[in-house]
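The structure appears right after this line, and notes come after that.
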Amino acid sequence: MQEILSALAEPNRLQIVELLRRKPLAVGEIVERLGLRQPQVSKHLRVLSDAGLVEVRPVGQQRIYRLRARALKDLDNWLDPYRRTWDERFDQFDDVLRGLKQKDKEKKDGHGK
Amino acid sequence: MAMASSTGTTKVTLPSDREILITREFDAPRELVFKAMTDPNLIPRWWGPRRYTTTVDKMDVRPGGAWRFIMREPDGRESGFRGEYREVVAPERIVQTFEWEPMAGHISVDTATFTERDGRTLLTVRSLFASKEDRDGMVQSGMEKGLAETHDRFAELLAELREETRSGAR
Chain A
3 MQEILSALAE
13 PNRLQIVELL
23 RRKPLAVGEI
33 VERLGLRQPQ
43 VSKHLRVLSD
53 AGLVEVRPVG
63 QQRIYRLRAR
73 ALKDLDNWLD
83 PYRRTWDERF
93 DQFDDVLRGL
103 KQKDKEKKDG
113 HGK
Chain B
2 MAMASSTGTT
12 KVTLPSDREI
22 LITREFDAPR
32 ELVFKAMTDP
42 NLIPRWWGPR
52 RYTTTVDKMD
62 VRPGGAWRFI
72 MREPDGRESG
82 FRGEYREVVA
92 PERIVQTFEW
102 EPMAGHISVD
112 TATFTERDGR
122 TLLTVRSLFA
132 SKEDRDGMVQ
142 SGMEKGLAET
152 HDRFAELLAE
162 LREETRSGAR
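Top line first, the protein sequences correspond to chains A and B. When the first sequence is numbered by our numbering, its final residue is 115 and no position is left out of the sequence of numbers. When the second sequence is numbered by our numbering, its final residue is 171 and no position is left out of the sequence of numbers.
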């Protein structure tokens, strides 16, 4: 997990992952979209690949990079308990809101005080 | 057709290495959402996990004002959460610091933004941490708490199942 997080901690690498979320890309396309030099991009891709976040597949002359669903699933699993903490908090807040809206409505309808 | 009570679920993303972004939609205008969220009398009803008891020690919702909540776990253990309000712009935005007392010194700055559309409110909370380690530690502590919670729930479920078996219900 720590390796995945460290890999994503660098803004350019995070951006590469964002790009690859839309579709698999060749190195050249990533270079073009990020406006970085090829050696830099290759270095970032190596870190992402070592962390298991991307995988590469040769297609003709090109090397196509794509996201590895497994690593993203791991990241999602890591975040899940934290998300559930907030989800529970907001579900309870939702109940509070519903109660307040009900009270407002009753006041408007002339029931209760 | 969406049900009136449907508010969607909470989304959590990591937009940078020092941030956590939380979003959630509520089926109510933002005046009401803002008012409810800043009401100390309502905090015990929603802020802490269901099986914990939350009490408000301080909640002075204005710039420079302090807040402190105490959460008691089912086994009686207590810990405090505290911070300071930096910006309070009703009903749009609240900026406040957040610190869990057992991990004092690891402070995040949380910006809550309330956006209304068609009578519904989108709440976004952006937590900015001093370092990536602090950010990851916060997610991790959520995990430990979440696990403890799951175990509690599981124990509860087991007790219910036992009860059902005893009373002969299917």
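The beta-carbon is built from N, C-alpha and C at its ideal position, and this holds for glycine as well.
query, result
"Per-residue DSSP class, three states only, for Tyr53 of chain B", "coil"
"Leu43 of chain B at chain A interface by Cβ criterion, 8 Å", "yes"
"is_contact[Ala37 of chain B, chain A] using C-beta, thresh 8 Å", "yes"
"8 Å contact criterion, which Leu124 of chain B and Glu20 of chain B should meet: CB distance rounded", "The pair is not a contact, with the Cβ atoms about 16 Å apart (cut-off 8 Å)."
"CA-to-CA distance, Gln63 of chain A to Gly147 of chain B, given in whole angstroms", "Reliability fails at Gly147 of chain B, whose pLDDT of 49 lies under 50, so the model's placement of it is uncertain and the value that follows must be treated cautiously. Distance between the alpha carbons of Gly147 of chain B and Gln63 of chain A: 48 Å."
"Endpoints, the alpha helix (DSSP H) within which Leu123 of chain B is located", "Note, Leu123 of chain B: premise wrong, no alpha helix (DSSP H); beta strand (DSSP E) at Arg121 to Phe130."
"Rounded C-alpha distance that separates Ile6 of chain A from Arg70 of chain A", "12 Å"
"Contacts that Ile71 of chain B makes with chain A (C-beta to C-beta distance below 9 Å)", "Under the 9 Å cutoff, chain A gives no residues; its nearest Cβ is about 16 Å from Ile71 of chain B."
"Contacting residues, own chain, Cβ-Cβ under 7 Å from Leu10 of chain A (five flanking each side not counted)", "Leu16 and Val19"
"Cross-strand partners of Trp101 of chain B (DSSP beta bridge)", "B:Phe82"
"Cβ separation of Trp68 of chain B and Gly49 of chain B, assumed to be a contact under 8 Å, to the nearest whole Å", "That belief does not hold up - the Cβ atoms of Trp68 of chain B and Gly49 of chain B are roughly 14 Å apart, past 8 Å."
"Collapsed DSSP secondary structure at Lys110 of chain A in the structure displayed", "helix"
"Asp97 of chain A, buried or exposed, once every other Cβ within 10 Å from all chains shown has been counted against 16", "exposed"
"Residues near Lys133 of chain B in its chain [Cβ-Cβ closer than 7 Å; skip 5 each side]", "Asp18 and Arg19"
"Between the CA atoms of Leu21 of chain A and Leu36 of chain A - distance to the nearest angstrom", "9 Å"
"Neighbourhood of Thr54 of chain B by C-beta distance below 8 Å, restricted to the same chain and skipping five residues each side", "Pro45, Met72 and Arg73"
"Test: Ile108 of chain B CB closer than 8 Å to a CB of chain A", "no"
"Integer Cβ distance of Val1 of chain B from Asp111 of chain B, believed to fall under 8 Å", "Since the displayed chain B opens at 2 and closes at 171, residue 1 of chain B lies outside it and no answer follows."
"Neighbour flag for Glu57 of chain A against chain B, beta carbons, 8 Å", "no"
"Cβ-based burial, Thr87 of chain A [other Cβ within 10 Å; buried from 16]", "buried"
"Rounded straight-line distance, which links the Cα of Ile32 of chain A to that of Asn14 of chain A", "11 Å"
"Residues that DSSP places opposite Phe27 of chain B in a beta bridge", "B:Thr122"
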